[in-house]
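Here is the structure we will look at.
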Amino acid sequence: MPSPFGNDVNWIIAGAASAAVVLGLSLGLGVPFVIAVGIGVATFAGLVFLLAPRQLFEGIDEKAAGKGQIAYARDLLTEATPPRQHLEATADAIEDPEVRLRARHLAEISADIFNRVEANPASAPTVRRFLSYYLPRAAEIVEGYRGIEQKRMPEPERLTEINAVIVKLEDAFVHYADGLVDAELGTLDVDLKLIQASLKEDLGR
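Counted the way our numbering counts, the sequence shown spans residues 72 to 276.
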């Protein structure tokens, strides 16, 4: 599980900022060094927490959502986070504009699915195969396309073949994303019928 104190980046930024505060206060403003260090330590501690990345399911009501469902969804999302991040980074590096746009679309759909699972942990089983199979494979395929692009003599046939797979992956990603939306709208038809019946009873139409 990720540390609640963040990663190395927030520690480095906090350290640099607190050092600048100490130097600025002690050398620039003539504040006693001991006091400057105390302020610097407080600045460091505050920035470490302030800059720490948001944790999965942060702020969600575990009693309402169910600890078991949250734990299952968290495990799936945690495992799928590295390939998702890799897909996002690699997509931006692709040179072909059409393929880059398509790869970015995959990354956007992935982010949308992550957000929906965080909002509704019970939906995690619906996209288990997406998170554990399609997303990692998509990251590998996009990376492969980028690798071939970097060759001095890229093979057009291979690029065309990989692009065709990316198109099919895009369809699969949309399928899983829409499946989550359909699940959220599962009671819509029932609600519509009940409302229509009530309106007919109350208004005669």
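Ideal Cβ positions, reconstructed from N, Cα and C, are used throughout, including at glycine. Computed from a prediction, not measured in an experiment: that's the story for all the values here.
- Taking a C-beta distance under 7 angstroms as the contact criterion, Ala195 and Tyr143 qualify as a contact pair.
- The beta carbons of Tyr216 and Ile233 sit closer together than 7 angstroms.
- Non-local C-beta neighbours of Tyr247 in its own chain, meaning closer than 7 angstroms and more than five positions away in sequence, comprise Ile184, Val198, Phe201, ordered along the chain.
- Going by DSSP, Phe201 is part of no alpha helix (DSSP H) at all; its letter is neither H nor E.
- CA-CA distance, Leu172 to Ala254, rounds to 28 angstroms.
- Around the Cβ of Thr161, a 10 Å sphere holds 16 or more other Cβ atoms; the residue is buried.
- Residue burial is scored here from C-beta neighbours: Glu214 has at least 16 other C-beta atoms within 10 angstroms and is therefore classed as buried.
- Between the alpha carbons of Val108 and Val93 lies a gap of roughly 6 angstroms.
- Linking Ala243 to Asp167 through their CA atoms gives a straight-line distance of about 22 angstroms.
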